[in-house]
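S.K.: If you're matching positions, the sequence shown starts at 308 in our numbering and goes up one per residue. Think of the CB as a built atom: it goes at the ideal place given N, C-alpha and C, for glycine as much as any other residue. These numbers come from a predicted model, not from an experiment.
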Amino acid sequence: MSVMMRAYQPRDIRDAVLIWNQVVEDGVAFPQLDLLNEASGPDFFASQTYTGLAVDEATGEAVGLYILHPNNIGRCGHISNASFAVRRDHRGQGVGELLVRDCLDKAREMGFRLMQFNAVVAANAPALHLYEKLGFVRLGVVPGGFLMKDGHYEDIVLFYHTL
308 MSVMMRAYQP RDIRDAVLIW NQVVEDGVAF PQLDLLNEAS GPDFFASQTY
358 TGLAVDEATG EAVGLYILHP NNIGRCGHIS NASFAVRRDH RGQGVGELLV
408 RDCLDKAREM GFRLMQFNAV VAANAPALHL YEKLGFVRLG VVPGGFLMKD
458 GHYEDIVLFY HTL
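1) Would P349 and I320 be called neighbours here (beta carbons separated by less than 8 Å)?
2) Sort S390, L470 and A323 by Cα distance to N425 and report the nearest one.
3) Tell me the rounded alpha-carbon separation between L405 and R398.
4) Looking at the strands, I want to know which residues DSSP matches up with N388.
5) Look up L360 in the DSSP assignment and say whether it is helix, strand or coil.
6) Taking the alpha-carbon positions, what's the L375 to M312 distance?
7) Output the boundary residues of the beta strand (DSSP E) element that contains L421.
8) Just the Cα atoms here: how many angstroms apart are H385 and N379?
9) Please state if the CB of D462 and the CB of A429 are separated by a distance shorter than 8 Å.
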């Protein structure tokens with residue numbers, strides 16, 4: 308599968324909501340509890356500094372996305388944050404790495420100096436491996452910082468990457 312990266316456009320709302328909601332529904336990675344819909348999704352994606360979309364070049368279907376935004380405001384506004392979502396049927400095929408690499412480039416272009424991840428679930432071994440492979444540095448662990456869908460608590464790992 309050949310995947311190209313491009314900016315999210317309003318016409319992508321159905322695919323973007325589907326992909327985002329799959330991760331929320333899984334309940335093992337995103338902190339959100341509420342699903343997006345075609346009414347709430349446009350405002351959510353428009354409120355980001357940038358939303359990137361991974362598209363299968365053969366089918367034109369969106370297979371993943373990321374949102375990029377400041378991690379904080381004011382004197383800490385140079386630190387970015389991002390979230391990544393890959394469509395269930397395309398996980399484990401390298402889409403996540405394409406998303407993260409594109410996001411790092413886009414964050415640099417937009418003038419961010421660092422990227423910080425506040426809550427990578429410790430049980431998410433593929434994400435931990437990918438972030439370390441791409442040069443992210445572990446800042447520490449918050450014990451029991453994430454409530455899993457099944458009701459138990461998992462540790463979260465904080466990371467940063469200098470841009």
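M.R.: On the basis of the supplied data:
1) To locate residue 349, count along the sequence shown from 1; it is residue 42. To locate residue 320, count along the sequence shown from 1; it is residue 13. Result yes, Cβ atoms of P349 and I320 sit closer than 8 Å.
2) If you number the sequence shown from 1, residue 425 lands on position 118. Of the listed residues, the one whose Cα sits closest to N425 is S390.
3) In the sequence shown, the residue the question calls residue 405 occupies position 98. In the sequence shown, the residue the question calls residue 398 occupies position 91. Straight-line Cα distance between these residues: approximately 12 Å.
4) Residue 388 sits at position 81 when you count from the first residue of the sequence shown. The partner list for N388 (beta bridge, DSSP) reads H376.
5) Translated into the one-based positions of the sequence shown, residue 360 becomes position 53. Three-state result, L360: strand.
6) Numbered from its first residue, the sequence shown carries residue 375 at position 68. Numbered from its first residue, the sequence shown carries residue 312 at position 5. Spanning the two alpha carbons is a distance of roughly 14 Å.
7) Start at 1 with the first residue of the sequence shown, and residue 421 comes out as number 114. Start and end: L421 to V428.
8) As a working note, residue 385 is residue 78 in the sequence shown. As a working note, residue 379 is residue 72 in the sequence shown. Their Cα atoms are separated by approximately 8 Å.
9) Residue 429 sits at position 122 when you count from the first residue of the sequence shown. Residue 462 sits at position 155 when you count from the first residue of the sequence shown. In contact: A429 and D462 (Cβ atoms closer than 8 Å).
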